[in-house]
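Participant:
Chains as they are written, first to last, in this note's numbering: chain R, 7 to 112; chain F, -13 to 130.
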């Protein structure tokens, strides 16, 4: 299954809604969408992960890329993350640099 | 117990075939969702690493072999790239990073090796052979 991404910017906060799988094949699209969003000044990046069913290190590298593009002053928030994807993120320690909310968590 | 062998080429992403094979093995063995996810993640990281770094997307042979035994579900990746033991190339720090703007090389391998119950490597007959496996827990006893 490939990755589908929809984007929206509202009040300076960019939201990416992810559906599918963030593996190596998804990296070009994921990075392109992140690049498009981060060319303008935004105050925050939200990833809606309710439909994200899989994330490998290739997907994690896109989060790293977002951090590099946005700088440390801009928060990155992942919402509705599945237990498996959250576990992958925690294994690398990236959860310390992003706001990670599991499914059902507010 | 059955064994499945899939022959791939190193110029294509192995991810979809890894996913399909793990789905099949999980269905056959009753492997739990979390364990199946971790087995898939490990095999995907290792196979993608072969295609990307071992072969540099050249169409050389990459094989996935998987099976179910009495006590485990296993998947082996075989390739003809130069000898490469992933255990010697995982991210230098085995501690998680607290610097999200840097994810050093080798974290995919770290994820792979940390995700499974068993990891084995050997180089034999001109092939790297990486095997990942998850243990099959006995079914919980029925409560009366």
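Glycine included, each C-beta is placed from N, C-alpha and C at the ideal position.
Please check if any C-beta of chain F sits within less than 9 Å of the C-beta of residue 12 (chain R).
Facilitator: The count along the first chain starts at 1 and reaches residue 12 (chain R) at position 6. Answer no: the Cβ-Cβ gap between residue 12 (chain R) and chain F never drops below 9 Å.
Participant: Determine the extent of the beta strand (DSSP E) in which residue 25 (chain R) is found, giving its start and end residues.
Facilitator: Against the first chain, residue 25 (chain R) aligns to sequence position 19. That run of the beta strand (DSSP E) goes 19 to 28.
Participant: Please check if any C-beta of chain R sits within less than 9 Å of the C-beta of residue 86 (chain F).
Facilitator: The residue given as residue 86 (chain F) occupies position 100 in the second chain. Interpretation of residue 86 (chain F) is limited by its pLDDT of 49, a score under 50 that renders its predicted location unreliable; the figure taken from the coordinates is listed afterwards. Chain R, which has a Cβ nearer than 9 Å to the Cβ of residue 86 (chain F), makes this yes.
Participant: Pairing CB atoms from the stretch 39 to 56 of chain R with CB atoms from the stretch 76 to 90 of chain R, are three or more of them under 8 Å?
Facilitator: The stretch 39 to 56 of chain R makes contact with the stretch 76 to 90 of chain R: 3 or more CB pairs, one atom from each, lie closer than 8 Å.
Participant: Assign residue 12 (chain R) to one of two classes, buried (16 or more other C-beta atoms within 10 Å of its C-beta) or exposed (fewer than that).
Facilitator: The count along the first chain starts at 1 and reaches residue 12 (chain R) at position 6. Under this definition residue 12 (chain R) is an exposed residue.
Participant: With DSSP as the reference, identify every bridge partner of residue 107 (chain F), one or two as the case may be.
Facilitator: Indexing the second chain from 1 puts residue 107 (chain F) at position 121. Paired residue(s): F:116.
Participant: Within the 9 Å Cβ cut-off, does residue -6 (chain F) reach chain R?
Facilitator: Locating residue -6 (chain F) in the second chain gives position 8, where the first residue counts as 1. Output row for residue -6 (chain F): interface = no.
Participant: Cβ of residue 62 (chain R) within 9 Å of Cβ of residue 15 (chain F)?
Facilitator: Position 56 of the first chain, counted from the first residue, corresponds to residue 62 (chain R). Position 29 of the second chain, counted from the first residue, corresponds to residue 15 (chain F). In this structure, residue 15 (chain F) does not lie closer than 9 Å to residue 62 (chain R) by Cβ.
Participant: Let me make sure I understand the geometry here. Which of R:111, R:90 and R:81 has the alpha-carbon closest to that of residue 102 (chain R)?
Facilitator: Here residue 102 (chain R) refers to the residue found at position 96 of the first chain. Checking every option, the nearest Cα to that of residue 102 (chain R) belongs to R:81.
Participant: Rounded to whole angstroms, how far is the Cβ of residue 169 (chain F) from the Cβ of residue 48 (chain F), which I believe are closer than 8 Å?
Facilitator: Beyond the ends of chain F as shown, which are -13 and 130, falls residue 169 (chain F); an answer cannot be given.
Participant: Considering Cα atoms alone, identify which of F:-4, F:59, F:116 and F:-5 is closest to residue -11 (chain F).
Facilitator: For the purposes of this step, residue -11 (chain F) is taken as residue 3 along the second chain, with counting starting at 1. The candidate whose alpha carbon is nearest that of residue -11 (chain F) is F:59.
Participant: Assuming residue 12 (chain F) contacts residue 22 (chain F) (C-beta within less than 8 Å), just tell me the rounded distance between them.
Facilitator: The sequence position of residue 12 (chain F) within the second chain is 26, counting from 1. The sequence position of residue 22 (chain F) within the second chain is 36, counting from 1. At roughly 4 Å, the Cβ-Cβ gap stays under 8 Å, so residue 12 (chain F) and residue 22 (chain F) are in contact.
Participant: Which residues in the same chain have their Cβ closer than 7 Å to the Cβ of residue 45 (chain F), if we skip the five residues on either side of it in sequence?
Facilitator: The count along the second chain starts at 1 and reaches residue 45 (chain F) at position 59. If we look at residue 45 (chain F) and ignore the five residues flanking it on each side, its Cβ neighbours are -5, -4 and -3.
Participant: Contact criterion: CB-CB distance below 9 Å. Does residue 5 (chain F) meet it with respect to chain R?
Facilitator: The residue labelled residue 5 (chain F) in the question sits at position 19 within the second chain. At a cut-off of 9 Å between C-beta atoms, residue 5 (chain F) counts as an interface residue with respect to chain R.
Participant: Report the rounded CA-to-CA distance for residue 78 (chain R) versus residue 51 (chain R), giving the unit in angstroms.
Facilitator: Numbered from 1 along the first chain, position 72 holds the residue referred to as residue 78 (chain R). Numbered from 1 along the first chain, position 45 holds the residue referred to as residue 51 (chain R). Residue 78 (chain R) and residue 51 (chain R): Cα-Cα distance of roughly 12 Å.
Participant: Let me make sure I understand the geometry here. Which of F:117, F:62 and F:55 has the alpha-carbon closest to that of residue 123 (chain F)?
Facilitator: Taking the second chain and counting its residues from 1, one reaches residue 123 (chain F) at position 137. Check the Cα spacing between residue 123 (chain F) and each of F:117, F:62 and F:55: the tightest is with F:55.
Participant: With C-beta atoms as the reference, is residue 109 (chain F) less than 9 Å away from residue 117 (chain F)?
Facilitator: Within the second chain, numbered from 1, the residue matching residue 109 (chain F) stands at position 123. Within the second chain, numbered from 1, the residue matching residue 117 (chain F) stands at position 131. No, the pair does not count as a contact, with Cβ atoms beyond the cut-off.
Participant: Per DSSP, what are the beta-bridge partners of residue 14 (chain R) in this structure?
Facilitator: Counting from 1 along the first chain, the entry for residue 14 (chain R) is found at position 8. R:21, per the DSSP bridge assignment.
Participant: List the residues that DSSP assigns as beta-bridge partners of residue -11 (chain F).
Facilitator: Within the second chain, the letter at position 3 stands for residue -11 (chain F). DSSP, once it has assigned bridges, lists F:53 as partnering residue -11 (chain F).
Participant: Can you list, in chain order, the residues of its chain whose CB lies under 7 Å from that of residue 71 (chain R), leaving out five sequence neighbours each side?
Facilitator: What you label residue 71 (chain R) is simply residue 65 of the first chain in a count that begins at 1. 37 and 40.
Participant: Just to confirm before moving on: does the CB-CB distance between residue 66 (chain R) and residue 24 (chain R) stay below 9 Å?
Facilitator: Taking the first chain and counting its residues from 1, the one referred to as residue 66 (chain R) is at position 60. Taking the first chain and counting its residues from 1, the one referred to as residue 24 (chain R) is at position 18. Taking 9 Å as the cut-off, the Cβ atoms of residue 66 (chain R) and residue 24 (chain R) do not count as close.
Participant: Return the CA-CA distance between residue 76 (chain F) and residue 8 (chain R), expressed in angstroms with no decimal places.
Facilitator: For the purposes of this step, residue 76 (chain F) is taken as the residue at position 90 of the second chain. For the purposes of this step, residue 8 (chain R) is taken as the residue at position 2 of the first chain. Cα-Cα distance, rounded: 27 Å.
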